[in-house]
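Report on the following structure.
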Amino acid sequence: MTLLSGEFWGRLSTRSRNQFVKRIAAKISKRLLLRRGIELEFNGNIGEGLVLAHAWGITVNSRAVLGKDCVLFKGCTIGSIRSGKREGWPRLGDRVVVGCNAFVCGGITIGNDVLIAANAFVDFDVPSNSIVIGNPGQIHHKENPCRDYVKKMGGAKV
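First residue of the sequence shown? That's 860 in the numbering used here, and the numbers climb one at a time after it.
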């Protein structure tokens, strides 16, 4: 993470005790992230170790909760649903990998150690130690499906 990364400034905007630093860091973060087409607000709902791999076109709802060591690939969306039985925003557990152009939406819970494959559509709860593939998504149980992604990724670490 460098001083030119929006993620650095985003973390600073949530952790600083100085209100002036918080405001300035938030503005710098937003500007740098938007250059890459990333919609991501650092509001305390994002766990340590977030990796934005090939970080272009990523959208995360401001109320979504991301656990520790999550990996988001380009084009993925973590969005809300505004009405119906799945109204709300997603809660992702620790060590969740969301593949390219995958869409995770609604008031759902994604467990720990879950791999959401590229182009998958997920609007349902997913248990821990699973892989979700396809549109509509189908759950396949697998122990430790994220081991090759988490802690080994070199993308923009937050």
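Don't be surprised by glycine CBs; every beta carbon is placed ideally from N, CA and C. Please read these numbers as outputs of a predicted model, since none were measured by experiment.
For residue i, I'd like the list of residues in its chain whose CB is within less than 8 Å of its CB, leaving aside the five on either flank, ordered along the chain.
i, result
"His913", "Phe932, Lys933, Cys959 and Gly1014"
"Asn877", "none"
Tell me whether residue i is buried or exposed, calling it buried when 16 or more other Cβ atoms sit within 10 Å of its Cβ.
i, result
"Pro995", "exposed"
"Met860", "At Met860 the pLDDT is 48, less than 50, meaning the model places this residue with poor confidence; the figure from the coordinates comes in the next sentence. So Met860 ends up on the exposed side."
"Ser921", "exposed"
"Gly926", "buried"
"Thr936", "buried"
Taking the C-alpha atoms as reference points, what is the distance between residue i and residue j?
i, j, result
"Asp953", "Val985", "13 Å"
"Ile897", "Ile917", "5 Å"
"Arg950", "Phe983", "11 Å"
"Cys1005", "Lys886", "33 Å"
"Gly908", "Ser942", "32 Å"
"His999", "Gly966", "21 Å"
"Ala977", "Leu892", "22 Å"
"Asp1007", "Thr873", "30 Å"
"Val963", "Ile990", "13 Å"
"Lys889", "Trp868", "9 Å"
"Trp915", "Arg895", "5 Å"
"Phe980", "Gly906", "23 Å"
"Leu974", "Asn904", "20 Å"
"Lys1016", "Asn1003", "Note that Lys1016 has pLDDT 47, beneath the 50 cutoff, so the model's placement of it is unreliable and the number below is only indicative. Cα to Cα, Lys1016 sits roughly 21 Å from Asn1003."
"Val910", "Ala961", "16 Å"
"Leu871", "Phe879", "11 Å"
I'd like the list of long-range same chain contacts for residue i, defined as Cβ closer than 6 Å, with 5 residues on each side in sequence excluded.
i, result
"Ser987", "Gly970, Asn971 and Asp972"
"Trp948", "Asn920, Arg922, Ala923 and Ser939"
"Lys1001", "Ile990"
Near residue i, which residues of its chain fall below 7 Å by C-beta distance, leaving aside the five closest residues on each side in sequence?
i, result
"Ser875", "Lys881 and Ala884"
"Arg945", "Gly965, Gly966, Ile967 and Asp982"
Would you call the CB atoms of residue i and residue j closer than 9 Å?
i, j, result
"Val930", "Glu900", "no"
"Val1009", "Val957", "no"
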